[in-house]
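Student: After the structure tokens below, expect a handful of questions from me.
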Amino acid sequence: MESFDGTSILITGGTGSFGNKFVEELLNQCSPKKIIIYSRDELKQFEMQQRFDNPCMRYFIGDVRDKERLKVAMNDVDYVVHAAALKQVPAAEYNPNECIKTNINGAQNVIDAAIANNVSRVVALSTDKAANPVNLYGATKLASDKLFVAANNISGASGTRFSVVRYGNVVGSRGSVVPLFRKLLNEGTTVLPVTHPSMTRFWITLDQGVAFVFKSFERMRGGEIFVPKIPSIKITDLVQAMSGNEEYEIIGIRPGEKLHEIMVPEEMAHHSIEFDDHFVIAPAITFFDKNINYKTNRLKEKGKSVPDNFEYHSGTNPDFLSIDELKALDKGQS
Numbered sequence: 007m008e009s010f011d012g013t014s015i016l017i018t019g020g021t022g023s024f025g026n027k028f029v030e031e032l033l034n035q036c037s038p039k040k041i042i043i044y045s046r047d048e049l050k051q052f053e054m055q056q057r058f059d060n061p062c063m064r065y066f067i068g069d070v071r072d073k074e075r076l077k078v079a080m081n082d083v084d085y086v087v088h089a090a091a092l093k094q095v096p097a098a099e100y101n102p103n104e105c106i107k108t109n110i111n112g113a114q115n116v117i118d119a120a121i122a123n124n125v126s127r128v129v130a131l132s133t134d135k136a137a138n139p140v141n142l143y144g145a146t147k148l149a150s151d152k153l154f155v156a157a158n159n160i161s162g163a164s165g166t167r168f169s170v171v172r173y174g175n176v177v178g179s180r181g182s183v184v185p186l187f188r189k190l191l192n193e194g195t196t197v198l199p200v201t202h203p204s205m206t207r208f209w210i211t212l213d214q215g216v217a218f219v220f221k222s223f224e225r226m227r228g229g230e231i232f233v234p235k236i237p238s239i240k241i242t243d244l245v246q247a248m249s250g251n252e253e254y255e256i257i258g259i260r261p262g263e264k265l266h267e268i269m270v271p272e273e274m275a276h277h278s279i280e281f282d283d284h285f286v287i288a289p290a291i292t293f294f295d296k297n298i299n300y301k302t303n304r305l306k307e308k309g310k311s312v313p314d315n316f317e318y319h320s321g322t323n324p325d326f327l328s329i330d331e332l333k334a335l336d337k338g339q340s
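The numbering of the sequence shown is this note's numbering, which starts it at 7 and goes up by one.
Here you go:
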């Protein structure tokens, strides 16, 4: 892990599942000067303060929609993790303008505040739903990804570096299917709801997601979209693993929901590079420095171009978790 000793790190949306785990790992492995939690929910901040009372912790009430507040919060900050977003797919479909204000306008505010404060590096969290999006949430995150990639041009040769981390469903995160299924089972439900029997998803644990973000800070040159190699699951297998029952109730696909997810679209194959444990989607635009070689990262790891027809798709992923593996994972999360 890159040493964050003596540095100041700000996490937008820092009271979420990711922020809590990221802070836990930071405090376990490093001695940062300051960790700033920037979020808008005072109750979640109060609860997080009970868990993390290290002297380096700071808690800022603020919304990513508020550029001036962000600029104040990022004063003397070295690294930023942008995790704040409106993430619920159906909610975004019904409240599109609110999603745009947070996920797109908020992204630009984070960029502007980081450049104004000469932040060293920024990693923005994205989602598989941003690749070939069919829902409003995915479309806003695609726009956000484009903003962060292009921000490397705005910041200039010696300015802030921006990169994006894109990964799939996080096991057990708030609002995801595992806590929902567990709640239903605890309430005595015997037949779990499934939107479509053919549905697949990319699957990553919170520990894996946090570790990948740490690694991305070490690897980034600026402008990359980092995509981890992770397994897929079949939703029907998840049902069987959690309930012990092969039966399920079909309730229909929710507004904006896909059958399968994509993390590297075929249309971006000619910009994509494969490394041992991840892919990189290199920028489609040319930056101030035309000589950036994305096939060798800052850790000197070397990648290779993928085939022209390559696509990283949850339904055709060569790595699927078995029902037994899902049972073990569920046991570890409960």
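Glycine included, C-beta positions come from ideal geometry on N, C-alpha and C.
First and last residue of the alpha helix (DSSP H) that includes Thr146?
Tutor: Thr146 -> alpha helix (DSSP H) spans Leu142 to Ser161.
Student: Please determine if the region 264-283 and the region 313-320 are in contact, where contact requires at least 3 C-beta pairs separated by less than 8 angstroms.
Tutor: Yes, the region 264-283 touches the region 313-320.
Student: In this structure, how does DSSP classify Glu331 when only helix, strand and coil are distinguished?
Tutor: Correct three-state label for Glu331: helix.
Student: Name the two residues that bound the continuous alpha helix (DSSP H) containing Phe223.
Tutor: First-last of the alpha helix (DSSP H) with Phe223: Leu212 to Arg225.
Student: Have a look at the DSSP bridge pairing and note the partners of Thr206.
Tutor: Answer is Lys240, bridged to Thr206.
Student: If you count every other CB in all the chains shown that lies within 10 Å of the CB of Ala163, and 16 or more means buried, which is it?
Tutor: Looking at its Cβ environment, which holds fewer than 16 other Cβ atoms inside 10 Å, Ala163 is exposed.
Student: State the beta-bridge partners of Asn175 as determined by DSSP.
Tutor: Note: Asn175 sits in a beta bridge opposite Trp209.
Student: Here's the rule: buried if 16 or more other CB atoms are within 10 angstroms of the residue's CB, otherwise exposed. What is Gly194?
Tutor: Gly194 comes out exposed.
Student: Assuming contact is defined by CB atoms lying nearer than 8 angstroms, are Ser169 and Glu230 in contact in what I supplied?
Tutor: Contact: yes.
Student: Find out if the Cβ-Cβ distance for the pair Ser311, Ile291 is shorter than 8 angstroms.
Tutor: In this structure, Ile291 does not lie closer than 8 angstroms to Ser311 by Cβ.
Student: When you compare only the Cα positions, how much space is there between Ala113 and Cys105?
Tutor: When rounded, the distance between both Cα atoms is 11 angstroms.
Student: Are the CB atoms of Tyr44 and Phe66 nearer to each other than 8 angstroms?
Tutor: In contact: Tyr44 and Phe66 (Cβ atoms closer than 8 angstroms).
Student: Select from Val83, Ser132, Phe154 and Ser37 the residue whose C-alpha is nearest the C-alpha of Asn115.
Tutor: Of the listed residues, the one whose Cα sits closest to Asn115 is Phe154.
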